[in-house]
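Asks:
Below, the structure written as structure tokens:
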């Protein structure tokens, strides 16, 4: 797998001749997330600019006022995921994950506000990660509401802080489960352990890029970027450790090994894995 990962630059991409594309909104600089409103409009984040609405007629709104201040907008960091409250039709509440701070000191945070027409009102930060990292890499910021109306937030390992993914006192490299007010949710697997951050749902993550809920089974699935090789699809189950950086099928960008092991007892194995990869 590591030899295959090292050969990533030599992989040919198959040609696709039957792809059909419909443009539903343009021009956009760096679209990152969509939330579909009940009236047919679409909320969307542009990572380095802010929040817009794709109107029913296909036109784009200006950037919505009322978004969070102090957003770090560079490389990986910026305006991240946007999600609707489970009771959005009655409370008009939206949640926006973003990188808050400066390049020298920033945290992944959640902004909660009310959507009124084409503006956000009453916004405030309801959650910040418990470590201020340096650099713009791997903030995470994917959001997913569960059927019990608790909220999952992915937090990346911060790129230069990969060992923190195995530090149970740190939010880095974790999937967190929160209430709609940003507190640790009841039933989280480590609430009784004082040395563990109570918001942690799962650990050992590098860079979760997508979260999805299976509507039939209620299971949560995540897609996670590896380094050079080792992209994964994981079935997420509370309390499990998904291995990073202790275990990986990828290598570092300079070709060196990150870990000698891809599997070990006590860690959850990937469900699907790619090496080499194209960053699905």
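Numbering (my numbering), first residue to last: 340 to 619. Ideal placement from N, C-alpha and C gives every residue a C-beta, glycine not left out.
Note down the Cα distance separating residue 506 from residue 482, rounded to an integer number of angstroms.
Replies: Cα to Cα, residue 506 sits roughly 22 angstroms from residue 482.
Asks: Between which two residues does the beta strand (DSSP E) carrying residue 611 extend?
Replies: Where residue 611 is concerned, the enclosing beta strand (DSSP E) stretches over 611-613.
Asks: Where do the ends of the alpha helix (DSSP H) carrying residue 430 lie?
Replies: Looking at the DSSP string, the run of the alpha helix (DSSP H) that includes residue 430 is 427-430.
Asks: Using the Cα positions of residue 394 and residue 380, report the straight-line distance between them to the nearest angstrom.
Replies: Distance between the alpha carbons of residue 394 and residue 380: 5 angstroms.
Asks: Grab me the residues of residue 598's own chain with a C-beta within less than 8 angstroms of its C-beta, minus the 5 sequence neighbours each way, in chain order.
Replies: Within the same chain, residue 598 has close Cβ partners 584, 585, 586, 587.
Asks: Are there 16 or more other CB atoms within 10 angstroms of the CB of residue 488, so buried, or fewer, so exposed?
Replies: Classification of residue 488: exposed, given that the 10 Å Cβ count is below 16.
Asks: For residue 578, is the classification buried or exposed, using 16 other Cβ atoms within 10 angstroms of its Cβ as the cut-off for buried?
Replies: Residue 578 should be labelled exposed.
Asks: Which residues does DSSP pair with residue 389 in a beta bridge?
Replies: Answer is 385, bridged to residue 389.
Asks: Helix or strand or just coil, what does DSSP make of residue 503?
Replies: Residue state, collapsed to three classes: helix.
Asks: Here's a check: name, in chain order, each residue in its chain whose Cβ is nearer than 7 angstroms to the Cβ of residue 537, leaving out the five neighbours to either side.
Replies: Excluding residues within five positions, the ones whose Cβ falls inside 7 angstroms are 523, 527, 529, 530.
Asks: Check residue 440 in the structure and name its three-state DSSP category.
Replies: If DSSP states are grouped into helix, strand and coil, residue 440 belongs with the strands.
Asks: Could you tell me the distance, in whole angstroms, from the CA atom of residue 519 to the CA atom of residue 359?
Replies: If you take the alpha carbons of residue 519 and residue 359, they lie about 39 angstroms apart.
Asks: Rounding to the nearest angstrom, what Cα-Cα distance links residue 402 and residue 618 in this structure?
Replies: Near 29 angstroms, if we compare the C-alpha coordinates of residue 618 and residue 402.
Asks: Please report the straight-line C-alpha distance between residue 431 and residue 425, rounded to a whole angstrom.
Replies: The alpha-carbon atoms of residue 431 and residue 425 are separated by roughly 10 angstroms.
Asks: Please return the same chain residues whose Cβ sits closer than 7 angstroms to the Cβ of residue 521, not counting the five positions on each side in sequence.
Replies: Same-chain partners within the cutoff: 449, 465, 466.
Asks: Assuming residue 377 contacts residue 419 (C-beta within less than 8 angstroms), just tell me the rounded distance between them.
Replies: The Cβ separation is near 23 angstroms, so there is no contact.
Asks: Among the residues of its own chain, which have a CB less than 6 angstroms from the CB of residue 543, if the five just before and after it don't count?
Replies: These residues qualify, in order along the chain: 504, 580, 581, 582, 583.
Asks: Check residue 410 in the structure and name its three-state DSSP category.
Replies: In this structure, residue 410 counts as strand in the three-state DSSP scheme.
Asks: If you draw a straight line from the alpha carbon of residue 400 to that of residue 442, how long is it in whole angstroms?
Replies: Approximately 29 angstroms, taken between the alpha carbons.
Asks: With distances taken between CB atoms, is the gap from residue 493 to residue 411 smaller than 8 angstroms?
Replies: No. Outside cutoff.
Asks: Across which residues does DSSP place residue 375 in a beta bridge pair?
Replies: Residue 375 pairs with 381.
Asks: Would you call the CB atoms of residue 513 and residue 541 closer than 8 angstroms?
Replies: It is a contact, given that the beta carbons lie within the stated cut-off.
Asks: Whole-angstrom Cβ separation of residue 372 and residue 421, contact assumed at under 8 angstroms?
Replies: Going by Cβ atoms, the distance from residue 372 to residue 421 rounds to 5 angstroms, so yes, they are a contact pair.
Asks: Where does the unbroken beta strand (DSSP E) through residue 563 begin, and where does it stop?
Replies: Residues 559-563.
Asks: Answer yes or no: do residue 614 and residue 589 have a C-beta to C-beta separation smaller than 8 angstroms?
Replies: A contact, by the Cβ cut-off of 8 angstroms.
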